[in-house]
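**Student:** Once you've had a glance at the structure underneath, I'll fire off some questions.
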Amino acid sequence: MFIIDVSLKNAPVTLSVQRKAAEDAEATYQQVIDAVRSGEQRLLELICEHQPGKKVSVISSEVAAVQVYEKSSTATSSGRPPGFFAMAE
Numbered sequence: 021m022f023i024i025d026v027s028l029k030n031a032p033v034t035l036s037v038q039r040k041a042a043e044d045a046e047a048t049y050q051q052v053i054d055a056v057r058s059g060e061q062r063l064l065e066l067i068c069e070h071q072p073g074k075k076v077s078v079i080s081s082e083v084a085a086v087q088v089y090e091k092s093s094t095a096t097s098s099g100r101p102p103g104f105f106a107m108a109e
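Using this note's numbering, read the sequence shown as starting at 21 and increasing by one per residue.
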């Protein structure tokens with residue numbers, strides 16, 4: 021299982037969807053990257069393959085970061101992947 025995490029500007033949460041195949045995860049990652057690079061404000065709808073019915077929609081101009089990783093290989097003991105962090109106030 022592959023997870024695509026999307027971090028938003030000015031939001032402390034990370035949005036995640038899952039893909040079963042590496043190729044599908046890479047395609048979703050590229051979809052988000054291409055939308056951000058275009059500079060246009062458009063709506064991205066991401067659908068999770070692991071949880072049927074789970075959908076996430078985000079405006080591309082609000083995406084701060086995106087990452088893709090394999091669930092079984094990079095999860096830490098806390099269950100969170102390395103790469104994103106939150107700053108404590």
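Quick reminder that beta carbons are idealized off the backbone N, C-alpha and C, glycines included.
From Asp-54 to Lys-91, what does the alpha carbon distance come to, in whole angstroms?
**Tutor:** Straight-line Cα distance between these residues: approximately 24 Å.
**Student:** Does the beta-carbon distance from Glu-82 to Lys-29 come in below 7 Å?
**Tutor:** Yes.
**Student:** I need the straight-line Cα distance from Val-78 to Leu-64, nearest angstrom please.
**Tutor:** One C-alpha to the other measures close to 5 Å.
**Student:** Looking at the structure shown, is Thr-94 part of a helix, part of a strand, or coil, going by DSSP?
**Tutor:** Residue placement at Thr-94 cannot be trusted, given a pLDDT of 46 that sits under 50; the coordinates are not used to answer.
**Student:** Note down, in chain order, each residue of its chain lying with its Cβ closer than 8 Å to the Cβ of Thr-48, except the 5 sequence neighbours on either side.
**Tutor:** Excluding positions up to five away in sequence, the list reads Ile-24, Val-37, Arg-39, Leu-66, Val-88.
**Student:** With 16 other CB atoms within 10 Å as the buried threshold, where does Ala-84 fall?
**Tutor:** Under this definition Ala-84 is an exposed residue.
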